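Working notes, beginning with the structure itself.
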Amino acid sequence: MLSIARQRLLTNVELQQGWAEKIPYSSGTFDTVVSCNMFHYIRQPNEALIEMTRVLRTDGAFAITDWCADYLACRIFDWYFRLFNAAHFQTYRAGECRKLLENVETTGIKIDSYKITWLWGLMTATARKRATDTERCVGT
């Protein structure tokens with residue numbers, strides 16, 4: 043996928059391979075982190091969200107778009123892939139995703155579920171990195 047992306051992007055765009063649970067960038071590097079249709083592969087979702095938050099600047103935003111287990115077909119595919127696709131880990135309901143986000147230093151959590159067909163749907167979760175106590179004291 044990286045070689046295909048490199049062919050399609052400008053040469054000044056940096057691409058790196060890494061794990062969501064161990065993002066290969068320094069803390070506070072990015073204004074935005076986006077995860078698109080891959081969160082169901084992550085084996086350690088809490089660690090991945092901690093990493094996504096770590097690499098964000100204070101008040102930086104992240105967005106996760108993925109299958110939503112609130113829809114019947116997504117639950118069926120989740121069950122099927124858990125049995126027959128070793129890469130698949132779990133598809134989440136919107137409420138489960140919210141709970142995961144509440145466990146990391148975020149604020150302004152918003153989750154939108156949307157129907158693609160009467161059986162299939164996605165969700166997008168957005169949040170911002172919450173300032174730490176030290177950062178809030180320095181800012182006052």
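Counting along the sequence shown from 1, when you hit position 37 you're at 79 in this note's numbering, and nothing is skipped either side. All C-beta atoms in this analysis are idealised placements derived from N, C-alpha and C, irrespective of residue type, glycine included. The structure presented is a predicted model; accordingly, all values stated were derived computationally and were not measured.
Contact annotation, Phe72 with Leu98: C-beta distance approximately 6 Å; criterion of less than 8 Å satisfied.
Residue environment: Lys171 is assigned as buried (16 or more neighbouring CB atoms within 10 Å of its CB, all protein chains considered). Boundaries of the alpha helix (DSSP H) around Ser45: 44-50. Distance from Asn127 to Asn88 at the Cβ level is roughly 22 Å; contact not present, criterion being Cβ atoms closer than 8 Å. In its chain, beyond the 5 residues on either side, Arg99 have a beta carbon closer than 6 Å to the beta carbon of Gly70. Here DSSP, grouped into helix, strand and coil, assigns Met165 to strand.
Shortest Cα-Cα distance from Gly163 to any of Ile118, Glu138, Asp112, Ile151 involves Asp112. Spatial neighbours of Leu142 in its own chain (CB-CB distance under 8 Å, excluding positions within 5 residues in sequence) are listed in chain order as Pro87, Asn88, Leu91, Tyr134. Excluding residues up to 5 positions away in sequence, Ala111, Thr133 lie with their Cβ nearer than 8 Å to the Cβ of Arg117 in the same chain.
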